[in-house]
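Residue numbers (UniProt numbering), protein chains in the order written: chain A, 1 to 73; chain B, 1 to 73.
All residues carry an ideal CB built from backbone N, CA and C; glycine is no exception.
Following: one structure in structure tokens, then a few remarks.
2 protein chains.
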Amino acid sequence: MNIKEKFGLKVKALRIEKNFSIEQLANISNVDRNYISDIEKGQRNVSIEIIEKIIHALDVDFATFFNDKSFKR
Amino acid sequence: MNIKEKFGLKVKALRIEKNFSIEQLANISNVDRNYISDIEKGQRNVSIEIIEKIIHALDVDFATFFNDKSFKR
């Protein structure tokens with residue numbers, strides 16, 4: 001699995017944990033819903049500004065988000 | 001300080017801690033040295049693929065890299 005796919009799966013897992021729809025996450029993060037859908041599928045090479053918007057919308061910080069075995073080397 | 005600047009400062013701090021020149025980090029990460037220079041100045045909205053290349057070249061993983069008070073909300 002590549003880093004885009006790992007990132008997407010983690011976004012999706014946290015979104016579902018928070019009981020957010022893609023639409024809700026889009027509204028809170030101010031990122032387009034189609035873009036979020038693509039991110040969750042691992043199809044977007046997201047920028048650090050988009051990463052920040054999404055993970056803050058999911059109410060976590062960078063360290064918490066990336067503290068997951070899927071991101072270990 | 002915005003997220004691009006925070007990211008750049010952390011890259012620079014770790015690079016210096018490792019005693020790497022920008023040139024060396026460029027060679028190890030396979031990212032252009034001018035691009036790395038811009039990143040350290042906070043001038044690039046880096047993608048997750050570039051982030052991965054750089055932090056692995058710095059011999060840390062995502063959780064370690066972002067586990068820094070500068071990235072707290």
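Going by C-alpha to C-alpha distance, which of the options sits closest to residue i?
i	options	result
K12 (chain B)	B:D38, B:N2, B:N45	B:D38
I28 (chain A)	A:A57, A:N2, A:R44	A:A57
V60 (chain B)	A:E49, A:R73, A:A26, A:R44	A:R73
R44 (chain B)	A:I36, A:I50, A:A26	A:I50
K6 (chain B)	A:I55, A:T64, A:I48	A:I48
Please state whether the Cβ-Cβ distance between residue i and residue j is less than 9 Å.
i	j	result
G8 (chain B)	K53 (chain B)	no
K10 (chain A)	F71 (chain A)	yes
V46 (chain A)	K4 (chain A)	yes
N67 (chain A)	N67 (chain B)	yes
E23 (chain A)	R33 (chain A)	yes
Are there 16 or more other CB atoms within 10 angstroms of the CB of residue i, so buried, or fewer, so exposed?
i	result
S21 (chain A)	exposed
K69 (chain A)	exposed
R15 (chain A)	buried
Under a three-way DSSP split, which group does residue i fall into?
i	result
S21 (chain B)	coil
Closer than 9 Å by beta-carbon distance: list the chain B residues that pair up with residue i, in chain order.
i	result
R15 (chain A)	Near R15 (chain A) there are no residues of chain B at all, since even the closest Cβ is about 17 Å away, more than 9 Å.
How would you list, in chain order, the residues of chain B whose beta-carbon sits under 7 Å from the beta-carbon of residue i?
i	result
S47 (chain A)	N45, V46, S47
Just to make sure I have the definition right: I need the residues of chain A whose C-beta is within less than 7 Å of the C-beta of residue i. Which are they?
i	result
R73 (chain B)	H56, D61
N67 (chain B)	A63
Can you pull the chain B residues whose beta carbon is under 8 Å from the beta carbon of residue i, in chain order?
i	result
E52 (chain A)	I3
Flag residue i as yes when its Cβ comes closer than 8 Å to any non-hydrogen atom of the ligand HEM, and as no otherwise.
i	result
D61 (chain B)	This structure lacks the ligand HEM; in fact it carries no ligand of any kind.
If the cut is a Cβ gap below 8 Å, which residues of chain A does residue i touch?
i	result
F7 (chain B)	I48
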